[in-house]
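Okay, so here's the structure we're looking at.
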Ligand SMILES: NC(=O)c1ccc[n+]([C@@H]2O[C@H](COP(=O)([O-])OP(=O)(O)OC[C@H]3O[C@@H](n4cnc5c(N)ncnc54)[C@H](O)[C@@H]3O)[C@@H](O)[C@H]2O)c1
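Residue numbers (my numbering): 457 to 809.
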């Protein structure tokens with residue numbers, strides 16, 4: 457598998473290095489060839505060269521089997537233009553319409569909710585990844601004056617909504633998950649979200665074994681905290697998905713625990729931890745690499761390498777449960793030491809097999 461690796465900024469660089477370590481361990485013990493090619497696109501690169509992503513950058517990325525990306529964001533680039541081009545640009549240009557974000561509690565001790573077991577927090581969020589409020593349509597009129605008008609349009613297309621809702625149902629069907637919940641704000645956003653309602657009602661009857669439920673997004677976040685075990689698969693738009701998966705990350709123990717994939721089924725897809733570049737932690741060897749390592753496992757799973765993905769997940773779980781992790785999850789190890797621990801467990805478990 458040929459993989460483009462974009463470490464990015466801040467702690468992205470550090471957690472990506474640990475994901476790479478886990479991938480190399482998998483390559484060694486399973487006899488798999490993984491060609492990892494690092495691309496320098498980042499805030500540093502932009503500040504040095506003025507280039508966010510080269511003109512042929514997206515075409516280059518399409519040539520790889522998969523892309524692994526760390527976080528992007530640097531206070532020296534206040535308008536975040538490099539992140540917009542590299543991260544959002546790749547999502548749009550490669551049409552990675554499925555943002556796949558599993559929310560799975562690995563150790564009950566890490567859940568901020570009282571008396572919850574690992575079985576209570578185990579659901580998937582599918583976030584629409586190419587439309588919604590993130591398409592950058594809008595403008596500012598009389599900017600900087602007291603008369604300023606700022607418009608940010610939300611784009612919803614039948615094709616876009618249909619393919620993500622369908623993906624959620626198909627995933628549920630293929631993976632033995634029996635409940636799909638669609639969350640919108642159709643009571644207030646009566647145009648765009650009426651389309652979500654229409655599509656959901658159109659698709660749900662095609663999946664008779666799956667319970668289809670609709671919730672307004674505000675009710676959904678309340679229920680995610682009150683009783684997360686009722687959720688199996690959630691599908692929602694770009695903005696709401698972005699927000700609720702941070703809440704989902706905390707249900708798993710923190711932002712450093714959460715993994716994600718940006719997918720276009722059958723095509724080159726991109727994998728990344730949910731966390732940002734956390735500038736205050738950059739270079740301190742304190743960031744939790746688990747979300748990045750689990751994102752690498754999602755990449756292996758997506759490539760059809762099920763045993764390899766499970767080996768990474770098992771090693772991560774062992775590290776988390778045994779307390780061999782970073783301070784975010786109550787451990788005493790640094791970022792690098794956690795990555796070493798997980799890579800060692802991948803190797804020893806496989807040798808014992
Ligand atoms: N996908 C991405 O590239 C992405 C996602 C979110 C934010 N960002 C960018 O990152 C920068 C910082 O944003 P932010 O502070 O809102 O979000 P952030 O995720 O970087 O950090 C929020 C807080 O979460 C904690 N945290 C995050 N990741 C952690 C980890 N791996 N281990 C331990 N603790 C962790 C830290 O306490 C941190 O202060 C901004 O420039 C933002 O635009 C990028």
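All C-beta atoms in this analysis are idealised placements derived from N, C-alpha and C, irrespective of residue type, glycine included.
It should be emphasised that the depicted structure is a prediction, and the values quoted were computed from it without experimental measurement.
task: With hydrogens ignored, establish whether the beta-carbon of residue 471 is closer than 7 angstroms to any heavy atom of ligand 1.
output: yes
(Q) By the DSSP assignment, the beta strand (DSSP E) with residue 608 in it spans what residues? (A) 605-608
Requested in this report: Rank 533, 613, 750, 694 by C-alpha distance to the C-alpha of residue 716 and give the top, closest one.
Outcome: 750
Between the region 778-793 and the region 706-721, can you find at least three pairs of beta-carbon atoms closer than 8 angstroms?
yes
Checklist entry - Roughly how far, in whole angstroms, is the beta-carbon of residue 714 from the beta-carbon of residue 730, given that I think they are within contact range, below 8 angstroms? => result 4 angstroms
For residue 505 versus residue 547, is the C-beta spacing smaller than 8 angstroms? no
**Asked** Is there contact between the region 534-545 and the region 555-564, where contact requires at least three CB pairs shorter than 8 angstroms?
**Response** no
- Between 466, 601, 660, which lies nearest to residue 530 when the distance is taken from Cα to Cα? 466
Practice item. Say whether the region 761-776 touches the region 493-511, bearing in mind that this needs 3 or more beta-carbon pairs closer than 8 angstroms, one atom from each stretch. Key: no
Pull up the distance between the alpha-carbon of residue 820 and that of residue 528, whole angstroms please.
As shown, the chain starts at 457 and ends at 809. That puts residue 820 outside it, with no answer to give.
Practice item. Indicate whether at least one CB of chain C lies closer than 8 angstroms to the CB of residue 726. Key: Annotation note: the requested chain C is absent from the structure, which comprises a single protein chain.
- Quick one: which unbroken beta strand (DSSP E) runs of 3-plus residues sit fully inside the region 591-673? Chain order, please. 594-597, 605-608, 635-640, 667-672
* Going by CA-CA distance only, name the one from 756, 484, 508, 550 that's closest to residue 799. => 484
Practice problem: Could you please give the first and the last residue of the uninterrupted alpha helix (DSSP H) stretch that includes residue 700? | Solution: 694-707
Review point. Ligand 1 heavy atoms versus the CB of residue 770: any closer than 7 angstroms?
Key: no
query: How do the region 596-614 and the region 649-666 stand: do at least 3 beta-carbon pairs fall below 8 angstroms, yes or no?
result: yes
Taking DSSP's pairing of strands, which residues face residue 717 in a bridge? 556, 727
Quiz: which residues have CB nearer than 5 angstroms to ligand 1 non-hydrogen atoms: 527, 528, 529, 711, 712, 731, 732, 733, 734, 743, 744, 784
Alpha carbon to alpha carbon, how far is residue 515 from residue 494? Give it in angstroms, no decimals. 16 angstroms
Buried or exposed for residue 620, please, with buried defined as at least 16 other CB atoms from any protein chain shown within 10 angstroms of its CB. buried
- Query: With C-beta atoms as the reference, is residue 566 less than 8 angstroms away from residue 726?
  - Reply: no
Tell me whether residue 494 sits in a helix, a strand or coil according to DSSP, three-state version. strand
- Task: May I have the straight-line CA-CA distance separating residue 665 from residue 659, to the nearest angstrom?
- Result: 13 angstroms
Contacting residues, own chain, Cβ-Cβ under 7 angstroms from residue 536 (five flanking each side not counted): 529
Where the beta strand (DSSP E) through residue 458 begins and ends = 458-462
Just list the residues that DSSP pairs residue 741 with in beta bridges. Residue 741 pairs with nothing; no bridge assigned.
Simplified DSSP assignment, three categories, for residue 524:
strand
request  = Flag this pair as touching only if the region 567-577 and the region 633-647 have three or more C-beta atom pairs under 8 angstroms; answer yes or no.
outcome  = no
Problem set entry | Same chain only: Cβ atoms within 8 angstroms of residue 596, ignoring 5 sequence neighbours per side | 604, 605, 606, 607
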